[in-house]
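Numbering (the working numbering), first residue to last: 326 to 669.
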Ligand SMILES: [Zn+2]
């Protein structure tokens, strides 16, 4: 958690997406206007060159910047404190707590508190309490740790991102995801292909990682708590399908099950990528528009890059608007070769 865990590019993506989940994690300072904002500020975005990021309001003020009157960035901490306090109260109570009771503990009016809480968690206090009870029931069943406690530990600014991730998630349980694959068994292999050494890894639900020039260490980094098993009989059958699909993409990839996870936005982008027919390409702007966020072109690019399952989620079919190839996590020669063999 904290300022150091994000890159400036990630911060800028959060600003471009006006992602409320990043409020409180950093401040956006604008040198030309002399103000600083929370990442989700609704004001028009400044030019990237004029932006500097700060850990908090104090750091921004130390350089002479003033808080934005529109997004009131310094209230983030107070709001967050109120939400954390309320969550602690909800967690500590066996009985559902009345809104007025919760609000009184935070010093906000019930209406204002309800708004602040919903903005942070994506849920009303009552719905949050309900979700918490359901989560506890599930956790009790699986015997794992408390996911709700792990939310902050995992570096999220609040529960909203957690619930955002629950939505439309394919595969892994929330516990497995938060805890680096805890409880999941992942079979894997590195196989030689015409594109070089290809790493394929899968849970019992589907392929969770496909990459090039990677081995066990990279997998351990991604799923530090999962049980990693090289090979395996059932996995071998899936692996064969994957290799055939990659080498001869004529039949498409839809028949291969995937087990991936991301934010709701990332998963929306990945679903869109799966819709691009072989032999065709899209621009980052096309993808952003297709997921209903035409302005989030950079964020769409980041989601594209965050794809864990190369080829099968065909991020290689996204190119620059001017027709040039753009980037590729495994190098442009592989992207070029994939597009070439898909043009049948
Ligand atoms: Zn602002």
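Note that the Cβ used here is the ideal one computed from N, Cα and C, for glycine as well.
Apart from the five residues just before and just after residue i, which ones in its own chain have a Cβ nearer than 6 Å to its Cβ?
| i | result |
| --- | --- |
| residue 420 | none |
| residue 506 | 548, 550, 551 |
| residue 642 | 601, 606 |
| residue 342 | 621, 624 |
| residue 368 | 395 |
| residue 574 | 603, 667 |
| residue 404 | 441 |
Bridge partners of residue i, per DSSP?
| i | result |
| --- | --- |
| residue 552 | 510 |
| residue 535 | 525, 634 |
| residue 695 | As shown, the chain starts at 326 and ends at 669. That puts residue 695 outside it, with no answer to give. |
| residue 343 | In the DSSP output, where bridge partners are listed per residue, residue 343 has none listed. |
| residue 518 | 521 |
| residue 571 | Residue 571 pairs with nothing; no bridge assigned. |
| residue 583 | 532 |
| residue 362 | 353 |
| residue 376 | 355 |
| residue 607 | 643 |
Would you check whether ligand 1 has a heavy atom nearer than 7 Å to the C-beta of residue i?
| i | result |
| --- | --- |
| residue 402 | no |
| residue 350 | no |
| residue 534 | no |
| residue 395 | yes |
| residue 414 | no |
| residue 368 | yes |
| residue 341 | no |
| residue 362 | yes |
Does residue i pass the burial test, meaning 16 or more other C-beta atoms within 10 Å, or should it be called exposed?
| i | result |
| --- | --- |
| residue 554 | exposed |
| residue 633 | buried |
| residue 485 | Any answer about residue 485 is weak, because its pLDDT of 41 lies below 50 and its placement is not dependable; what the coordinates show is given next. That one is buried. |
| residue 455 | exposed |
| residue 394 | exposed |
| residue 602 | exposed |
| residue 472 | Low confidence applies to residue 472: its pLDDT is 44, below 50, so where it sits in the model is not reliable, and the reading given next is rough at best. Residue 472 is buried by the Cβ-count criterion. |
| residue 528 | buried |
| residue 658 | exposed |
| residue 516 | exposed |
| residue 661 | exposed |
| residue 364 | buried |
| residue 565 | exposed |
| residue 372 | exposed |
Using 8 Å as the limit for Cβ to Cβ distance, is residue i near chain D?
| i | result |
| --- | --- |
| residue 391 | Included in the structure is just one protein chain, with no chain D present. |
Just to confirm my understanding: we take residue i, look at its own chain, exclude 5 residues before and 5 after, and list those with CB closer than 7 Å. What are they?
| i | result |
| --- | --- |
| residue 381 | 352 |
| residue 646 | 608, 610 |
| residue 539 | 524 |
| residue 653 | 641, 659, 660 |
| residue 493 | Because the pLDDT of residue 493 is 33, which lies under 50, any placement of that residue in the model is unreliable, and the number read from its coordinates should be weighed accordingly. Hits under 7 Å: 589, 592. |
| residue 649 | none |
Excluding the 5 residues preceding and the 5 following residue i in the sequence, name in chain order all residues of the same chain whose CB lies nearer than 8 Å to its CB.
| i | result |
| --- | --- |
| residue 335 | 627 |
| residue 402 | 349, 381, 382 |
| residue 675 | Only positions 326 to 669 of the chain appear in this structure, which leaves residue 675 out of reach. |
| residue 376 | 337, 340, 353, 354, 355, 356 |
| residue 410 | 430, 431 |
When every heavy atom of ligand 2 is checked, does at least one fall within less than 7 Å of the C-beta of residue i?
| i | result |
| --- | --- |
| residue 623 | Looking at this structure, you won't find ligand 2 anywhere; what it does contain is ligand 1. |
Segments of 4+ residues assigned as alpha helix (DSSP H) that fall wholly inside the region 421 to 447:
424 to 431, 435 to 446
Enumerate, from N- to C-terminal direction, the unbroken alpha helix (DSSP H) stretches of 4 or more residues contained entirely within the region 378 to 413.
382 to 387
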